[in-house]
Every structure is written in structure tokens, then in C-alpha cells.
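As C-alpha cells, the structure follows; a few thoughts come after it.
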Amino acid sequence: MYIKKRALPLLPERLSSKSLSAIEVVLPYNEALEAIDFFENEEYLILGWEGWVKTSDGRVGHGSAPQGTVSLENCTVVEAANICRETIRSDKAGWEKDNPESDEKLHFCITVRT
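By our numbering, the letter at position 17 of the sequence shown is numbered 752, and the numbering carries on one by one without gaps.
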């Protein structure tokens, strides 16, 4: 059993300040990859991620975003981080291909066991 607490405060300010949420880790692509590296280096298990989009009028939600991963709770820290990097990269490429003229900005909500 583990104690669930918020992962956003664990991140360095330069990353946490870019989150779309004041509670959850919801970051643009490059910052999401940096957060994955950070969590892996600090040995926090990433449980998964899901896509979020921000529209030009500031609304935030799942919309056209990629679904993300299933639970990675049975993976090692390294395995989970690698799966997240790989799936975020491929799902971002697929989303951009499917939404070439979208004004939405893709973000990634990362859940971590703390």
C-alpha cells in the first residue's frame, strides 16, 4: 500500500508552473518528457498518462486528445518511464497527423505513485 499525494509539487518550479492544472501534472510535450525523466531519476513510479487539450479560447479537457496508457503499476520505474516516453511520442505524432489544422494544444496528464 502507498500513500497517494499530489505529484505536481514534486516537480521543479520550471516544470510545475507550466501545468494546465493546479493539482495534476498536465504538461506540454517537451515538459512532459522532462517530467518523466525527473520522476524516473527520483525513482517515482509513473502509473500512466492521458491526453488533454487546451483550446484557443482557454478551455481544457480530453476532447480529441489521445487516450494514454493503462495502469503501469506492475512495471518497474524504468519500464514505466520508457513506456510513457514511447507512447507519448507515438500518440503525439498520430494526433498531429489526425488533427493537422487544429488550434488545440496537446498536453499530457501524468499520474505518479508517491
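Where a beta carbon is used, it is the ideal one built from N, C-alpha and C, also for glycine.
No experiment lies behind these values; they were computed from the predicted model shown.
Between which two residues does the beta strand (DSSP E) containing residue i stretch?
i      : result
Thr846 : Lys840 to Arg848
Between residue i and residue j, what straight-line distance do the alpha-carbon atoms span, to the nearest angstrom?
i      : j      : result
Asp782 : Arg824 : For the record, residue 782 in the displayed sequence is Leu; it is not Asp. Whole-angstrom Cα-Cα distance: 17 Å.
Ser837 : Pro763 : 15 Å
Glu785 : Cys819 : 10 Å
Glu808 : Pro801 : 20 Å
Pro744 : Ser751 : 7 Å
What are the start and end residues of the alpha helix (DSSP H) that includes residue i?
i      : result
Leu782 : Leu782 -> not in any alpha helix (DSSP H); beta strand (DSSP E) instead, spanning Leu780 to Lys789.
CB-CB under 7 Å to residue i, same chain, minus the five flanking residues each way: which ones, in chain order?
i      : result
Leu755 : Val761, Trp787, Lys789, Val795 and His842
Excluding the 5 residues preceding and the 5 following residue i in the sequence, name in chain order all residues of the same chain whose CB lies nearer than 8 Å to its CB.
i      : result
Ser791 : Asp838 and Glu839
Met736 : Interpretation of Met736 is limited by its pLDDT of 37, a score under 50 that renders its predicted location unreliable; no figure is taken from the coordinates.
Is it buried or exposed, residue i, if we count other Cβ atoms within 10 angstroms and call 16 or more buried?
i      : result
Ile758 : exposed
Ile738 : Summary for Ile738: the model assigns pLDDT 42, below 50, so the residue's position carries little reliability; its value from the coordinates is reported in the next sentence. Per the 10 Å Cβ criterion, exposed.
Val847 : buried
Thr811 : exposed
Glu766 : buried
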